[in-house]
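In terms of UniProt numbering, the sequence shown has 76 at position 76, counting the first letter as 1, and numbering is strictly consecutive.
One structure below.
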Amino acid sequence: MMQGLISGAVFSICSIAVYFLVIKIFLKGQSRSSFLNPYAVIGALAFFSFLTGYYVRQTAVHTLALAMILFCFMVLEWAGLVDAYTMKIPNLCTIVLLAGRILFMIPELLFYKGDFPMILLNSFVPAFIALILLCLLYKISRSGLGMGDIKIFTGLAFFTGMYGFCVSLLFSFLLCALCSLPVLLLKKKNLKDALPLGPFIYFGFGFAAMLSLI
């Protein structure tokens, strides 16, 4: 239990640090003009991150797996925050995910005796399949899915593999649908209005990680 609490605290601290870095560097104070209360956002991020870190620690097979989930979690928070405020996901988020996965291959090979060809296969094939699937969804939804969403999901598939991508995609869409329903019922938006998917990708990945599905 103590290890779970420590892991939760680390996730929470990292989450708050990411928030302030994103606001300062990438948003440059844009959050001040947003309808989102910064204190509520910080509190929600800290609480959700703590729960994610706590439950992930209970099932993480080794320290490297925990570190990889934390890294991906932080990048998705970055993408989600920028998307929530600007309706855009920076390309840099996807690049960092891709580069991060390649860097994590080094300790995976050195300390956990991973099979290099299989590791590459488990990253590139899911990313390719995800890209094709998401492009089809983009066409079917008539641009309902943004290009930034496609890129970050492809990076996520490269980082987590096919299963991690699928469950994160499922949870993201479910959360987005659940949050869209009351907004539509209250007639705050209509079906043609866009909702930022980035925050739902972040929370979807977190829920999947908590349920040991990543």
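Note that beta-carbon positions come from the ideal geometry of N, C-alpha and C, so glycine has one too.
This one's a predicted model, so the numbers in the text were calculated from it and none came from an experiment.
What are the boundary residues of the alpha helix (DSSP H) that residue i is part of?
{"i": "Y112", "result": "Note, Y112: premise wrong, no alpha helix (DSSP H); not H, not E."}
{"i": "P38", "result": "38-59"}
{"i": "F153", "result": "147-160"}
{"i": "V82", "result": "63-86"}
Using three-state DSSP, classify residue i as helix, strand or coil.
{"i": "K139", "result": "helix"}
{"i": "P117", "result": "helix"}
{"i": "P199", "result": "helix"}
{"i": "residue 242", "result": "Shown here, the chain extends from 1 to 214; a query on residue 242 therefore has no answer."}
{"i": "M105", "result": "helix"}
{"i": "residue 232", "result": "Because the chain spans 1 through 214 in this model, residue 232 falls outside it and cannot be assessed."}
{"i": "G144", "result": "coil"}
{"i": "I89", "result": "coil"}
{"i": "M1", "result": "coil"}
Since residue i and residue j are thought to touch, with beta carbons under 8 Å apart, how far apart are those beta carbons, to the nearest angstrom?
{"i": "L145", "j": "L134", "result": "7 Å"}
{"i": "I95", "j": "A46", "result": "Not confirmed; about 27 Å, so no contact."}
Could you tell me if residue i is buried or exposed, where buried requires 16 or more neighbouring beta carbons within 10 angstroms of its beta carbon?
{"i": "A67", "result": "exposed"}
{"i": "P196", "result": "buried"}
{"i": "Y39", "result": "exposed"}
{"i": "F153", "result": "buried"}
Does the beta carbon of residue i come closer than 9 Å to any beta carbon on chain B?
{"i": "I23", "result": "Among the chains in the structure shown there is no chain B, since it carries only a single protein chain."}
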